Every structure is written in structure tokens, then in C-alpha cells.
Amino acid sequence: MFIPTTAEEIRKLKWGHPDIIIVTGDAYIDCSYDGAAVIGKVLMSKGYKVGIIAQPDVNSAIDITRLGSPKLFWGVTAGCVDSMVANYTALKKKKHSDDLTPGGKNGIRPDRASIVYTKLIKKYYKNPAPIILGGIEASMRRIAHYDYWTDSIMPSILIDSGADALVYGMGEKTIIEIAEKIAGMRYWKDTRGISFVSELQKYEKYIQLNTFEEVKNDKNLFVNMFNTFYKNCDPFSAKGLVQKYGSNYVVQNPPQHLPSSNELDNYYDLDFERDAHPYYKSKGEIKSLETIRFSITTHRGCYGECSFCSIAMHQGRRIISRSEQSIIKEAQTIAQTADFKGYISDVGGPTANMYNNECKINQERAMCATKSCTFPNVCRQMDIDHKPQINLLRKIEKIEGIKKVFVNSGVRYDLLVDDKASGMMYLEQLVDKNISGQMKIAPEHNSPKVLAAMRKNSKYLVLFKKMFDDMNRKKGRKQFLTYYFMAAHPGCGIDEMNDLASFLRKEIGISPEQAQIFTPTPSTYSTLMYYTGLDPFTKERIFVEKDMRGKQQQKDKITHSNRRYNQRPKMSKSSNSIDAF
Numbered sequence: 407m408f409i410p411t412t413a414e415e416i417r418k419l420k421w422g423h424p425d426i427i428i429v430t431g432d433a434y435i436d437c438s439y440d441g442a443a444v445i446g447k448v449l450m451s452k453g454y455k456v457g458i459i460a461q462p463d464v465n466s467a468i469d470i471t472r473l474g475s476p477k478l479f480w481g482v483t484a485g486c487v488d489s490m491v492a493n494y495t496a497l498k499k500k501k502h503s504d505d506l507t508p509g510g511k512n513g514i515r516p517d518r519a520s521i522v523y524t525k526l527i528k529k530y531y532k533n534p535a536p537i538i539l540g541g542i543e544a545s546m547r548r549i550a551h552y553d554y555w556t557d558s559i560m561p562s563i564l565i566d567s568g569a570d571a572l573v574y575g576m577g578e579k580t581i582i583e584i585a586e587k588i589a590g591m592r593y594w595k596d597t598r599g600i601s602f603v604s605e606l607q608k609y610e611k612y613i614q615l616n617t618f619e620e621v622k623n624d625k626n627l628f629v630n631m632f633n634t635f636y637k638n639c640d641p642f643s644a645k646g647l648v649q650k651y652g653s654n655y656v657v658q659n660p661p662q663h664l665p666s667s668n669e670l671d672n673y674y675d676l677d678f679e680r681d682a683h684p685y686y687k688s689k690g691e692i693k694s695l696e697t698i699r700f701s702i703t704t705h706r707g708c709y710g711e712c713s714f715c716s717i718a719m720h721q722g723r724r725i726i727s728r729s730e731q732s733i734i735k736e737a738q739t740i741a742q743t744a745d746f747k748g749y750i751s752d753v754g755g756p757t758a759n760m761y762n763n764e765c766k767i768n769q770e771r772a773m774c775a776t777k778s779c780t781f782p783n784v785c786r787q788m789d790i791d792h793k794p795q796i797n798l799l800r801k802i803e804k805i806e807g808i809k810k811v812f813v814n815s816g817v818r819y820d821l822l823v824d825d826k827a828s829g830m831m832y833l834e835q836l837v838d839k840n841i842s843g844q845m846k847i848a849p850e851h852n853s854p855k856v857l858a859a860m861r862k863n864s865k866y867l868v869l870f871k872k873m874f875d876d877m878n879r880k881k882g883r884k885q886f887l888t889y890y891f892m893a894a895h896p897g898c899g900i901d902e903m904n905d906l907a908s909f910l911r912k913e914i915g916i917s918p919e920q921a922q923i924f925t926p927t928p929s930t931y932s933t934l935m936y937y938t939g940l941d942p943f944t945k946e947r948i949f950v951e952k953d954m955r956g957k958q959q960q961k962d963k964i965t966h967s968n969r970r971y972n973q974r975p976k977m978s979k980s981s982n983s984i985d986a987f
């Protein structure tokens, strides 16, 4: 069953008004990769009547009022990505397409969608039910943060939106608790995993952060504030936080406890249609549907903690893996889908080969506060073992109706190389069965200085390439690696990009498949460096390229130089052109 999105569907269900209405910036795809769909289905599984309004017209009442007013609350999300990231490039140019919009046209999702949708509700409902924000845009903008698109420190999104609260992190457990409390007419702002605005400073046991005005005007205080914020994200050890904004306070309750593997199984075992709702599908092709429809999520979280990535802050540093039985059940369901062609697009998570890999000592206590799991080296306490994923892939491959299973999530090659017991077995499995011509890896750079700022390991790339090439020769395959590299990250100048270009020519002999310019996104350490020009741990100065032309020149150093190096014979005009980007 699809979550109803039209008045006609509500009438057929004889619901009257829904209990909860979810408003989202993505087209509604009923699958486990759509956060709004997951939250909606989880709430429905608890007996609540849920409606969904995707990509409402913000210039009229037509969409936002079509389901009426919810009895309990509104849930508002910008979608799977921050709306500014969805709408603009790293050079602040408007993107032409949006893979999560019917027809692919950009512009349907408004800038700062969480704020716009909240104000849209308030415009047409004078005393609306509580409005609760969720998703990564709200999660990463819950305190004072640097905003790249205005080049300024912005307040918590709660201040600008006027929403009643926001759920940060992965919100299933939190939203269920809120729904139960509101339905029972109980106080709900004591729920873990939420932030809200209070007029009272009554949270003595919470950590008092520097005020918004202080961090807005002092970069050193902003660094201190962010370090405190970052350190208070582990449910086992985090304290609540309070930040003053004029006469009000933004209160962040301690994080919600992560779901157990059994709870995660329950979320993914829900009856998803694995398709776009007909109302939105009729508006045009939704490109992302191609890749997510027949993909399987095996786990959540990432202990890699790359400085530029929001996953550790939003999903958490801990790996929560689904059971093998739950994953097999989902694969069997996919295999029975009417238009399934036999190909599983992906089996993985934020990092494919972190499935069932956990710290030996911190499973039931706080994660290390001053030690990284993978930087500068993989911690010896990490239980790196690729056998569970190997066994899982082999079992999925044997399911009737499945012809091929792909692993298209990123693979951390440092974990693979470090796993002396089963790393080579995993590589053999991928090369022989689970990639189609190419395998994605993300070295990002080769400069030790830049990689240190990124908190990425500088070892193993050349070794791993040799291992991959040798395995392909052994298997009689002609497959290749695709590399993701980043330009203009804090600490990276033109000299570092020249060195990277030379390294690629001499040591790797390739043009990078992807070269992206660093985009400062809210509440990451890389963004903190970009704004302050400071190393957040030593307070020493760090070079930051902020000129748009300089950023493009950095990118051109590897894309253009390698075009010359990899120049191929000219093709006839009737042939397709080759771009070595």
C-alpha cells in the first residue's frame, strides 16, 4: 500500500483527517531509501493514519491543503539531501537537473525547503498542529552553523523556520515516541533526539554553548562550540546542549538510542511498493528510481568519520547491521516483483564493506572521544571481517530469479587490505561476481597534508590497485577502478593538485572518473576549517581556497592534464566523442 497523497485516497480509506501529514522535498518513492516513506510506513505500522505531500507548490494552497490538517502533527523534510546542495553546484551555480523530481527539472524543490514548507503550512493554517522538522537538512542545521551560500553564520533552522521542534539523526524511534506522547496528550519535548526553542533557561544539567551572537562574531569561539557539539553525539555519553538566541534558547536533548538490529529489520521488513506513487510518476520520469528501486540496504552508520561527510553525524559512528535473514527476505521479495529483470543494483550501505564490522570493546559503551577508528590507521580494536558480507552476497546470488548482484556502494580499500584473513577473498568475490566493469573507490587525494585534514588514510592506494589488477588477470577479467578525487578541500592548494596530477600520471596512469570541488555543507569539520581557516584541533592556520576561479583551476589540474596524458586517436564525426573527465 502506498501512503495516501490525494484527497481521493483519504476518502476511500474513510479516514477523515490523517493523524500525521509528512511534507517532503523529494518525489514520493515508496521504498526504504526514501526517508519520508520509511517514517510514514513506520508510523502506519504503529496504527497511525499518515498522509504524504511531496514537492508541494509553494505559491498556492492547492497542494498543502489537499489532505486537510493532521490531528497530531506535521512532519517536514527537505528530502534526502540538503536543499541547497540539491539545487546548487560547488561553484554556487544553479543545477539544471534533480534526480528526485519527476521529469528531472530542478526548481521544484525550493531553496531552504524546510523553512519554506514550514511557513507554507503556517500561511494556510493559522493555528496548525505542531510542525516537526526532520531529515538531513534539519539535522545538520540544528545549531548555529556556517552556511556556504550566504557565507555567514546562520542560526539554528528552528529560529528561521518557526517549527515547534526537529528530530535529528535517524528518526524512527524518536518519531514513534513523539506520536505516542502527543496522542496521549502528554508532554513530548523531553524526548531524546530532538531540538526545540524554549523561552526559559531551565536546563542546568545541559552544557551551555556560546551564544549565537558570540560564535557569529568570534571564529575561535565558533570552533570551541563545534567541538563541544561534535563530542556530544554518542547516545552513551552525550549531554544535552543549550544555545542562547536573543531572549530564547535552542535546546538539544541528548541523542536517541540507536535501533537494535531487530528494530532495523522491522523497519526494512515493512511492505514497500518499491515504486513512485502513481500521482508523481505520472508527472515524468524520476531518475533516481532506476538505482534505488532494486537496491538493498544492509546496515547504517559509518565509523570512517571523513571530515567532509555528514554520515557520522547523522547516522552515527556505530554500525547497526540488519540480520542476514531480513536481507535475504527482502531479496526474495525483489525477485518476485513483476518487472524485476534479475539484477540487484546494490547491496551495501554508506560503506559497503562495513557490514557486520564493529569495534570489539565499544559496543555497549561510549565511542572513543579522542581516537578515530580508521585514521591515521585502522584501529586494532576494530573487528574487520569481510566474511559476513561474502556469505551474504553468495546467498543472495542463489535466490531463484536473481541473475546478478552488484555492490555499487563505496568500498573502503584500507579496510580490505587490513583484513588479512578474508580481505583477498572479498576482493575475489567482487571481481568475479559483484561488479560490472568497474569498481568505485574514493582516495580523494594523495597529499598526506590534505588527507590529514580530511581524516583519510594516505596508505594502500597503489598497493590496492595492484591487488585489483592482479585479481582481474587471475580471473580473466578486464575491469577497472573508478576514482573519486576532490579539489579545493581545506589544506589543498595548487601545488598539492600539481602533485596529485603527477602522481596520477606516474603511479596510477589514469584520468580520475570523478573530480569534484569541495562543497562546504553544514556542521562538518571540513566546513569548520573552510569558514575559520583554522585547524579545529590545534587552532593553527590552514590554507583555504575561496576564490571560485582558484577552485576551478585546482580541479582542472587533474582533469585537463590527464586529458593530454590519456589522449586517444581522433574519432570520426559520426562517432561518439570521448571525454576523459
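Per my numbering, the sequence shown starts with residue 407, numbered consecutively.
Even glycine gets a Cβ: it sits at the ideal position worked out from N, Cα and C.
For clarity, every value in this text was computed on a predicted model and none was experimentally measured.
Going by Cα to Cα distance, which pick from the options is closest to residue i?
i      : options                        : result
LEU526 : VAL487, MET546, ASN465         : ASN465
ASN814 : ASP752, GLN920, ASN654         : ASP752
MET760 : GLN795, LYS865, VAL603         : GLN795
GLU610 : LYS846, LYS645, GLY748         : LYS645
ALA496 : THR965, ILE964, GLN958         : GLN958
CYS394 : LEU821, VAL817, ASN762, THR757 : In the structure as shown, the chain starts at 407 and stops at 987, and residue 394 therefore has no counterpart that could be examined.
PRO896 : ALA718, GLN920, HIS851         : HIS851
ARG490 : ASP876, THR927, ASN878         : It is worth fixing the name first, because residue 490 is Met in this sequence and not Arg. Answer by Cα proximity: THR927.
SER475 : ASN533, GLY513, SER503         : ASN533
TYR890 : ILE847, ASP596, ARG947, ALA544 : ILE847
GLN607 : GLN649, GLY599, ASP640, ASP425 : GLN649
CYS715 : MET860, ILE841, PHE642         : MET860
VAL448 : ILE916, SER694, LYS498, GLU669 : GLU669
LEU564 : PHE943, SER545, ASP876         : SER545
THR640 : THR597, TYR651, LEU910, HIS720 : For the record, residue 640 in the displayed sequence is Asp; it is not Thr. Ranking THR597, TYR651, LEU910, HIS720 by Cα distance to ASP640 puts HIS720 first.
PHE924 : GLY915, ILE948, LYS961, SER694 : LYS961
LYS687 : TYR593, ILE841, ILE588, GLY509 : GLY509
VAL603 : ILE416, LYS511, SER562, ASP469 : SER562
GLU605 : SER653, ILE581, LEU478         : SER653
ASN863 : LEU906, LYS793, GLY710         : GLY710
ILE964 : ALA907, LEU419, SER929, LEU506 : ALA907
THR507 : PRO462, GLU578, PRO918         : PRO462
VAL429 : LYS420, ARG472, TYR439         : ARG472
GLY513 : SER520, LYS501, ILE521, THR524 : LYS501
Contact check, residue i vs residue j under 8 Å by CB: the rounded distance?
i      : j      : result
ASP825 : ILE790 : 5 Å
VAL856 : GLU913 : Their Cβ separation, rounded to whole angstroms, is 16 Å, which puts VAL856 and GLU913 out of contact at 8 Å.
GLY722 : GLY575 : 7 Å
GLY755 : THR697 : In fact, because the Cβ distance is near 15 Å, the residues do not count as touching under 8 Å.
GLN885 : GLN844 : 6 Å
GLU902 : SER853 : 4 Å
VAL482 : ILE549 : Their Cβ separation, rounded to whole angstroms, is 18 Å, which puts VAL482 and ILE549 out of contact at 8 Å.
LYS766 : GLN787 : 5 Å
ILE740 : PHE700 : 5 Å
GLY816 : THR780 : Going by Cβ atoms, the distance from GLY816 to THR780 rounds to 13 Å, so no, they are not a contact pair.
Which residues mark the beginning and the end of the alpha helix (DSSP H) in which residue i is found?
i      : result
ALA737 : 730-741
TYR636 : 625-637
THR697 : 695-698
ILE514 : Looking at the DSSP string, ILE514 is not in any alpha helix (DSSP H), and its letter there is neither H nor E.
ASP671 : 667-674
ASP570 : First-last for ASP570: undefined, no H or E at that position.
GLY446 : 441-451
LEU857 : 854-860
ALA492 : 489-493
Which first and last residues belong to the beta strand (DSSP E) in which residue i is found?
i      : result
HIS551 : 551-553
GLU850 : 844-850
CYS600 : The identity of residue 600 in the sequence shown is Ile, whereas the question assumes Cys. Taken as a continuous stretch (DSSP letters only), the beta strand (DSSP E) holding ILE600 covers 600-604.
CYS426 : According to the sequence provided, residue 426 is Ile. The question's Cys does not apply to it. Run containing ILE426: 426-430, per the beta strand (DSSP E) assignment.
LEU647 : 647-651
For chain D, check one thing: does any of its Cβ atoms lie closer than 8 Å to the Cβ of residue i?
i      : result
GLU605 : As a matter of chain content, chain D is missing from the structure shown, which is built from one protein chain.
Practice item. Please determine if the segment 446-462 and the segment 407-415 are in contact, where contact requires at least 3 C-beta pairs separated by less than 8 Å. Key: As far as the Cβ criterion goes, the segment 446-462 touches the segment 407-415, which means the pair count is three or higher.
Point to revise | Segment contact flag, the segment 536-544 with the segment 727-745, C-beta cutoff 8 Å, min 3 pairs | key: Result no; under three Cβ-Cβ pairs closer than 8 Å.
Review point. Is the segment 760-780 touching the segment 827-847 in the sense that three or more CB pairs, one from each, lie closer than 8 Å?
Key: Counting C-beta pairs closer than 8 Å gives fewer than three between the segment 827-847 and the segment 760-780, which falls short of the contact rule.
**Study point:** Whole runs of the alpha helix (DSSP H) within the segment 866-904, excluding any shorter than 4 residues
**Key:** Those alpha helix (DSSP H) runs which fall completely within the segment 866-904 and span 4+ residues are 867-881.
Exercise for review: Quick one: which unbroken beta strand (DSSP E) runs of 3-plus residues sit fully inside the segment 520-562? Chain order, please.
Suggested key: The segment 520-562 contains, as complete beta strand (DSSP E) runs of 3+ residues, the segments 537-540, 551-553, 558-560 (chain order).
Review point. Three or more beta-carbon pairs under 8 Å between the segment 683-698 and the segment 432-449, yes or no?
Key: The segment 683-698, when compared against the segment 432-449, does touch it at the 8 Å Cβ threshold.
Check your understanding: Is there contact between the segment 620-632 and the segment 662-675, where contact requires at least three CB pairs shorter than 8 Å?
Key -> Contact fails: fewer than three Cβ-Cβ distances are below 8 Å.
Exercise for review: Check whether the segment 927-937 touches the segment 875-893, taking contact to mean three or more Cβ pairs, one atom from each stretch, closer than 8 Å.
Suggested key: Per the Cβ contact rule, the segment 927-937 is not in contact with the segment 875-893 (fewer than 3 Cβ pairs under 8 Å).
Review point. So does the segment 633-640 actually touch the segment 558-571, counting three or more Cβ pairs closer than 8 Å?
Key: No: fewer than three Cβ pairs fall under 8 Å.
Check your understanding: Could you give the uninterrupted runs of the alpha helix (DSSP H) lying entirely in the segment 903-964, keeping only those of 4 residues or more?
Key -> Counting only runs of 4+ residues, the alpha helix (DSSP H) found wholly inside the segment 903-964 occupies 931-938, in chain order.
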